[in-house]
Amino acid sequence: MKIYKQIGAEERVKIIRMRGEWKSVRQIACVLKRCPSTISRELRRN
1 MKIYKQIGAE ERVKIIRMRG EWKSVRQIAC VLKRCPSTIS RELRRN
């Protein structure tokens, strides 16, 4: 059984900051140890 962990406010700030630095979705995912699809989905929501 998999346990899912929601993205917190701190991670959202990191995602936005890294995206502002022109980092790719894959690079952000690697740094945060998340799936690229999770990062992509979060960017689409905001």
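So the sequence shown is residues 1 to 46, counted in full-length UniProt numbering.
For each residue, glycine too, the CB sits at the ideal point set by N, CA and C.
Could you give the distance in angstroms between the alpha-carbon of residue i and the alpha-carbon of residue j?
| i | j | result |
| --- | --- | --- |
| S24 | R12 | 15 Å |
| K33 | L43 | 16 Å |
| R45 | Q6 | 14 Å |
| T38 | M1 | 19 Å |
| R17 | R26 | 15 Å |
| G8 | K14 | 10 Å |
| I3 | C35 | 14 Å |
| C30 | R41 | 15 Å |
Sorted by chain position, which residues of the same chain lie with C-beta nearer than 8 Å to residue i's C-beta, five sequence neighbours on each side aside?
| i | result |
| --- | --- |
| R19 | I28 and L43 |
Query - In chain order, each alpha helix (DSSP H) run of at least 4 residues that lies wholly inside the UniProt domain "Transposase IS30-like HTH" (4-46) - result: 9-20, 25-32 and 36-45
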